[in-house]
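> Numbering (my numbering), first residue to last: 27 to 504. Just so it is clear, CB atoms sit at the ideal spot from N, CA and C, and this is done for glycine as well. Quick caveat, the model's predicted, so the values are computed rather than measured.
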Ligand SMILES: Cc1ncc(COP(=O)(O)O)c(C=O)c1O
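1) By how many angstroms is the C-alpha of residue 259 removed from the C-alpha of residue 196?
2) With DSSP run on the structure shown, which of helix, strand or coil describes residue 179?
3) Measure from the alpha carbon of residue 277 to the alpha carbon of each residue in 440, 123, 177 and 478, then state which is nearest.
4) Using a 10 Å radius around the Cβ and a threshold of 16 neighbouring Cβ atoms, would you call residue 311 buried or exposed?
5) Determine the direct distance from the alpha carbon of residue 430 to that of residue 498, and round the result to whole angstroms.
6) So residue 158 and residue 191 are in contact, right, with Cβ under 8 Å, and what is the actual spacing, rounded?
7) By how many angstroms is the C-alpha of residue 356 removed from the C-alpha of residue 153?
8) Is there at least one non-hydrogen atom of ligand 1 closer than 6 Å to the beta-carbon of residue 291?
9) Going by DSSP, name the residue or residues bridged to residue 410.
10) In whole angstroms, what separates the C-alpha of residue 440 from that of residue 465?
11) Between residue 426 and residue 121, what straight-line distance do the alpha-carbon atoms span, to the nearest angstrom?
12) Three or more C-beta pairs closer than 8 Å, one from the region 452-462 and one from the region 376-391: is that the case here?
13) Using beta-carbon positions only, say whether residue 263 and residue 182 come within less than 7 Å of one another.
14) Between the alpha carbons of residue 218 and residue 270, how many angstroms are there, rounded?
15) Between residue 154 and ligand 1, is there a pair consisting of the residue's CB and a ligand heavy atom that are separated by less than 6 Å?
16) Can you tell me the Cβ-Cβ gap for residue 186 and residue 160, rounded? I've got them flagged as a contact below 8 Å.
17) Smallest Cα separation from residue 84: which of 73, 94, 248 and 78?
18) Restricting to runs no shorter than 4 residues, where is the alpha helix (DSSP H) found entirely within the region 209-257?
19) Any idea if residue 423 is buried or exposed, counting beta-carbon neighbours within 10 angstroms, 16 or more meaning buried?
As structure tokens, this is what we get:
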């Protein structure tokens, strides 16, 4: 639990009401602010260790890592087998020219291909999720000879400039960037966001009206020569939008009817987090290209775009493909990612995420019933989100309250990620029911304290995504 500030009694529990940091910790926070340009929450806690579902700050205080780092540590921190793999690989080969291959990249690519449906067998490695999506754009342009790329409003596909052009989660991400050059046309599809329906209809009588309106938008906004439609099978950053079951199959039909490729971005979802190995396996759809990042690396920076041998052969030698760069497919990240995916499959973590999701969901629903500021609960498996609002009736997003909840939870020893009014619950897939219960109890206390208006003396204006809502741009919110 974090450093003690003032303690107050609440029932049997001692509830911390403020942080108190050691001089050494405060010194590091100050030096971080001075010399590292980075996106930071308030307070800028400095971490130095992690084990399982816990992360530990430089003073030795433990916190539940309820975001799996940046949604990446699917096996938790310092997993013994991954640590062993890192050590062994460090002694063998860490880096090589990306114009040669290595056994671990080959085996990782083969394993990925074996888990995907259809002919999705060929992996072009990259380092970040943004880069993987740029590779997918190159593939789509190369395969179709067209330039319009369409994405779903409220989607997030990365922060490199072309990926940013597909990204529409709002906030300050695009502030000051001017015109984003490619793709030619983006963001034309309305999100299947039933809680705040973009066309004011109700599911199921709507008959997925958002998609019908989107077709009209495509007619008018694009050149009608569409290379690809990009989508997240569950739209995480835009509000954990979990589409109705008809949506993705119909999106696929829409893409096919325009002879556009369907690209599904799994950076947030694979492997296993939603209770399926790949998030799109909740729906009966096979995309033309799948991109992955974050959790597929087991904590290492490795990503990729997977497509069919036919598309891969068609685009090779064109549009800068295959993508190479300095680090893609390097031995160290490939060996760790391979081991991590093998463990996910061996330990059946997909089934575990589904089971624990069924454990988690009713507990979150109870928080919704109890607290006025919890407007909605959405998600799948071990990836859920609270939609924080001013009140249930108006559903008005309340980002300041969400940030307050995150702060109070941190104070109580549970680190959640919160972007805008969305508070995410995304623990490592190895979490136990007891750990989930304990972390949720801390979240409940945080909600109580937040509805009582605590903390009273903190300005959250520069914390997290609030820094990017109407103030000068301060970075990216993932
Ligand atoms: C769905 C999705 N795709 C792509 C990205 C970009 O990944 P990266 O930050 O590794 O570039 C993100 C980032 O959070 C994401 O949520």
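This is what the structure gives:
1) The alpha-carbon atoms of residue 196 and residue 259 are separated by roughly 19 Å.
2) DSSP places residue 179 in coil when its eight states are reduced to three.
3) Residue 177 is the option with its Cα nearest to residue 277.
4) It is buried - the Cβ of residue 311 has at least 16 other Cβ atoms within 10 Å.
5) For residue 498, the predicted model reports a pLDDT of 39, less than 50, meaning its position is unreliable; a value from the coordinates is still stated below. When the Cα atoms are used, residue 498 and residue 430 turn out to be separated by approximately 21 Å.
6) Taking 8 Å as the upper bound for CB-CB distance, residue 158 and residue 191 are not in contact here, some 15 Å apart.
7) Looking at the two C-alpha atoms, the distance is approximately 9 Å.
8) Checking every heavy atom of ligand 1 against the Cβ of residue 291, one is found closer than 6 Å.
9) Answer by DSSP bridge pairing, in chain order: 405 and 451.
10) Cα to Cα, the separation comes out at about 6 Å.
11) Residue 426 and residue 121 have their C-alpha atoms spaced approximately 44 Å apart.
12) Enough Cβ pairs lie closer than 8 Å, so yes.
13) Contact: yes.
14) In this structure, the alpha-carbon of residue 218 lies about 7 Å from that of residue 270.
15) True, at least one ligand heavy atom lies under 6 Å from that Cβ.
16) Your pair residue 186 and residue 160 checks out as a contact, with CB atoms roughly 6 Å apart and the cut at 8 Å.
17) It is 73 whose Cα lies nearest to the Cα of residue 84.
18) 235-247, all fully within the region 209-257.
19) By the 10 Å Cβ count, residue 423 comes out buried.
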